[in-house]
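Take the sequence shown: its letters are residues 86 to 635, numbered as in this note's numbering.
Positions of the beta carbon are idealized from the N, C-alpha and C atoms, including for glycine.
Heads up, the thing below is written out as structure tokens.
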Amino acid sequence: MKSHYKSHTRSPQTRFHISLFVLLTSLLSGCNQILPQPETTPAAIPETVLAPAPVAPLAPAPECEVTAPTLAAFEPEHHGNLWDRLRAGYQLDVVMNERVKLHLDWYARHQGYMNRISERASRYLFHIVEELEARELPLELALLPIVESAFDPFAYSHGRASGMWQFIPATGRQYGLEQNWWYDGRRDIEASTQAAINYLSDLHRRFKGDWLLALAAYNTGEGNLQRAIRRNRRQGKATDFWALKLPRETRAYVPQLLALAVLVGDPAQHQISLKEIPNRPYFTRVNVNSQIDLAQAATLAEIDIDELYLLNPGYNRWATDPQGSHHLLLPVAEAERFSAKLQALPRDERIGWERYIVKSGDSLLIIARHFNTSVESLKKANSLRGNVIRVGQPLLIPVATQPAKHYAFSADQRLRRKQARSRGGEGTARVSYRVQPGDSFWKIARRHNIQVKDIARWNGMAPKDLLHPGQELVLWTRPGREAQRPVARLDNPVIRKVAYRVRRGDSLARIAGKFNLSVKDILSWNTLNKSKYIHPGQSLTLFVDVTQVN
């Protein structure tokens, strides 16, 4: 298969020799230049974190376009370098306009970023290419994790998207990705890759074979894209990707992928190098048939436990999911050794066990949290049908064989590192807060006079994540602020009745956040139904503590 690029107009495709690309690039420089923003601060988890490339300022609709050349064809089976194999599978028509060139220039100026991308991708790229080839899909899609997560399998966004392919919970479940206390399929390398390919294929069909629209829908959601298309259609405008009015992130998203395709297609042309990735499997799947402590598994495979987590990022805790599926991804070279040693290890020695006597005030939930396990695991280990336990009852507890800090990429340890690196504003002090029954982000934020989004950021969460009683949060507050905060009562002199006129882009949640209110209160004060939309120009009555307005 050949990679081909074409202009935004649908004129017949003109093909050039690869050596003409220098001339074409110089022609592009005649367009108005828009400088990208500085590289964003990387996320804090894991330690060697690489954030996706920043969203640069957007150019207007394409005005200066040229037809770029066709890359030489390759036969995948003859390649020792996986990047060459990937180039051979290019299928997308790339519009070389100012928006694409903007991102192309950014990537070309950041050799260090691309070095780290290559290092990350070396574990996963072969598998992704294999899966895409099996479905006869464009291999440019193998570059999508660079845009989504910089190939970080532990990436987590403020919108609750998780994993290398950045699935939100609902879409993950829709595509078969299980999410529970032990395991999150959105981070599972094999499962999430399969789900992403299925999702992209579905979107490609729904948008009548237009890959750019399918990619835009992957980012912004199918509904948002359909609305943008209908809006243009009503106005008599074109409905291709470049003509649509879309969110800023989505308008940059597709050009970023196309820019990466051009860069990977001919890195030397852009004075950048890509670290060679062998065109062979990095990992293989090994069935273990029962729950196993990940520290134990790493020892058997003779690999570092961090490497084991990077190949198996779907596991949230210190062990595999006791309910299955019971498998691990291991480096190809270590898989046979691991299997031989595992066969010699009795099943009851694959995790640690501790005997515990139930005390007054205990519950399965309390015991499970204390031992960093789940209620279901306790019930299974002790053949319990219900949740009732009695004082003096002995329980067998599945426990980790190593101290918690040994499991550096478990959810608990990643959270601890995130919290340890969090910083508040000048004059704030760090405090630990234990979540109480009935707490919410909003209640905690209001009590401490801080922002919901900040609490979420300090604790590696998203504002819509659920809180659990007993959960420990890090807060950055100004000393004494909570005690000085006025009580928000209707008879309090700082409470004022405000007539608020809804603006474009507003939502109940956004208005609530702006005035430090709850959505429930706004609904009550205005006799609104939560299922009904608010609309620009609508007047809402709010009772606002004027000292707490954002």
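Problem - Reference Glu202; option with closest CA among Arg184, Glu221 and Leu229 - result: In the sequence shown, counting from the first residue as 1, residue 202 sits at position 117. Inspection of the sequence shows that residue 202 is occupied by Ile rather than by Glu. Per the Cα distances, Leu229.
Handout entry: Three-way DSSP call (helix, strand, coil) for His188 in this model
Key = As a working note, residue 188 is residue 103 in the sequence shown. His188: helix per DSSP, three-state reduction.
Handout entry: Distance between Met181 and Thr324 (C-alpha atoms, nearest Å)
Key = In the sequence shown, counting from the first residue as 1, residue 324 sits at position 239. In the sequence shown, counting from the first residue as 1, residue 181 sits at position 96. Cα to Cα, the separation comes out at about 19 angstroms.
Handout entry: Beta-bridge partners of Val180, as assigned by DSSP
Key = Here residue 180 corresponds to residue number 95 of the sequence shown, with the count starting at 1. Note: Val180 sits in no beta bridge, so no partner.
Exercise for the section: Using beta-carbon positions only, say whether Ile474 and Ser445 come within less than 9 angstroms of one another. Expected result: Residue 474 sits at position 389 when you count from the first residue of the sequence shown. Residue 445 sits at position 360 when you count from the first residue of the sequence shown. Contact flag unset, no.
Handout entry: Val151 - DSSP class collapsed to helix/strand/coil
Key = On the sequence shown, residue 151 is found 66 positions in, with the first residue counted as 1. Confidence in Val151 is poor, its pLDDT being 31 and thus under 50, which makes the residue's placement too unreliable to answer from.
Practice task
Can you give me the start and stop residues for the alpha helix (DSSP H) that Val537 sits inside?
Solution key: Sequence index remark: in the sequence shown, residue 537 carries index 452 (1-based). Element bounds for Val537: Val537 to Trp543.
Practice task
Pull up the distance between the alpha-carbon of Ser592 and that of Arg290, whole angstroms please.
Solution key: Here residue 592 is taken as the residue at index 507 of the sequence shown, counted from 1. Here residue 290 is taken as the residue at index 205 of the sequence shown, counted from 1. Their backbone Cα atoms lie some 32 angstroms apart in a straight line.
Exercise for the section: Determine the direct distance from the alpha carbon of Gln556 to that of His491, and round the result to whole angstroms. Expected result: The residue labelled residue 491 in the question sits at position 406 within the sequence shown. The residue labelled residue 556 in the question sits at position 471 within the sequence shown. Rounded to the nearest angstrom, the two C-alpha atoms are 21 angstroms apart.
Handout entry: Residue environment, Tyr367, which counts as buried when at least 16 other CB atoms sit within 10 Å
Key = Here residue 367 corresponds to residue number 282 of the sequence shown, with the count starting at 1. Classification of Tyr367: buried, given that the 10 Å Cβ count is 16 or more.
Exercise for the section: Whole angstroms is fine: what's the gap from Gln504's alpha carbon to Phe526's? Expected result: In the sequence shown, residue 504 corresponds to position 419, counting from 1. In the sequence shown, residue 526 corresponds to position 441, counting from 1. Rounded to the nearest angstrom, the two C-alpha atoms are 16 angstroms apart.
Practice task
Determine, using beta carbons only, whether Phe252 and Ser277 come nearer to each other than 9 angstroms.
Solution key: Within the sequence shown, numbered from 1, the residue matching residue 252 stands at position 167. Within the sequence shown, numbered from 1, the residue matching residue 277 stands at position 192. The answer is yes: Cβ separation under 9 angstroms.
Exercise for the section: Report the option in Ala485, Gly409, Lys599 and His412 whose CA atom is closest to the CA atom of Asp378. Expected result: Locating residue 378 in the sequence shown gives position 293, where the first residue counts as 1. The candidate whose alpha carbon is nearest that of Asp378 is Ala485.
Practice task
With a 10 Å radius around its C-beta and 16 neighbouring C-beta atoms as the bar for buried, classify Thr126 as buried or exposed.
Solution key: Locating residue 126 in the sequence shown gives position 41, where the first residue counts as 1. With a pLDDT of 27 at Thr126, under the threshold of 50, the predicted position of this residue should be treated as unreliable, and no value is reported.
Practice task
On a CA-only basis, which of Pro548, Ser410 and Glu421 is nearest Glu387? Give me that one, please.
Solution key: One-based indexing of the sequence shown puts residue 387 at position 302. If we check each option's Cα against that of Glu387, Glu421 comes out closest.
Exercise for the section: Could you tell me whether the segment 267-275 touches the segment 397-408, where touching means 3 or more Cβ pairs closer than 8 angstroms? Expected result: yes
Problem - Counted within 10 angstroms of its Cβ, other Cβ atoms place His620 as buried (16 or more) or exposed - result: As a position in the sequence shown, residue 620 is number 535, starting the count at 1. By the neighbour-count rule (16 or more Cβ atoms within 10 Å), His620 is not buried but exposed.
Practice task
Whole angstroms is fine: what's the gap from Asp433's alpha carbon to Gly399's?
Solution key: The sequence position of residue 433 within the sequence shown is 348, counting from 1. The sequence position of residue 399 within the sequence shown is 314, counting from 1. Spanning the two alpha carbons is a distance of roughly 23 angstroms.
Practice task
Note down, in chain order, each residue of its chain lying with its Cβ closer than 6 angstroms to the Cβ of Arg205, except the 5 sequence neighbours on either side.
Solution key: Within the sequence shown, the letter at position 120 stands for residue 205. So the list reads Phe236, once near-sequence residues are dropped.
Exercise for the section: Using only alpha-carbon positions, find the residue among Leu613, Asn457 and Ser517 that is nearest to Ala496. Expected result: Looking up residue 496 in the sequence shown gives position 411. Of the listed residues, the one whose Cα sits closest to Ala496 is Asn457.
Exercise for the section: Output the distance between the C-alpha atoms of Ala597 and Asn200, rounded to the nearest integer angstrom. Expected result: Here residue 597 is taken as the residue at index 512 of the sequence shown, counted from 1. Here residue 200 is taken as the residue at index 115 of the sequence shown, counted from 1. Approximately 43 angstroms, taken between the alpha carbons.
Handout entry: Span of the beta strand (DSSP E) around Trp561
Key = Looking up residue 561 in the sequence shown gives position 476. Unbroken beta strand (DSSP E) run through Trp561: Glu557 to Thr562.
Exercise for the section: Have a look at Gly306 and Pro483 and give me their C-alpha separation to the nearest angstrom. Expected result: By one-based count along the sequence shown, residue 306 stands at place 221. By one-based count along the sequence shown, residue 483 stands at place 398. Going by the C-alpha atoms only, they are around 41 angstroms apart.
Exercise for the section: Quick one: grab the DSSP three-state call for Tyr441. Expected result: In the sequence shown, the residue the question calls residue 441 occupies position 356. Here Tyr441 sits in strand by DSSP.
Handout entry: Cβ neighbour criterion (16 or more within 10 Å) applied to Trp438
Key = Your numbering for residue 438 matches position 353 in the sequence shown. That one is exposed.
Problem - For Ser624, three-class secondary structure by DSSP - result: Residue 624 sits at position 539 when you count from the first residue of the sequence shown. Strand, per DSSP.
Practice task
Give the DSSP-derived three-state secondary structure of His412 in the structure shown.
Solution key: Locating residue 412 in the sequence shown gives position 327, counting from the first residue. Here His412 sits in strand by DSSP.
Handout entry: Boundaries (first-last residue) of the alpha helix (DSSP H) holding Ile274
Key = Position 189 of the sequence shown holds residue 274. Note, Ile274: alpha helix (DSSP H), Ile274 to Arg291.
Handout entry: Alpha-carbon spacing of Phe628 relative to Leu608, whole angstroms
Key = In the sequence shown, the residue the question calls residue 628 occupies position 543. In the sequence shown, the residue the question calls residue 608 occupies position 523. Going from the Cα of Phe628 to the Cα of Leu608 covers about 12 angstroms.
Exercise for the section: Check whether the Cβ atoms of Arg586 and Ala514 lie closer than 9 angstroms to each other. Expected result: One-based indexing of the sequence shown puts residue 586 at position 501. One-based indexing of the sequence shown puts residue 514 at position 429. No, these two residues do not count as a Cβ contact at 9 angstroms.
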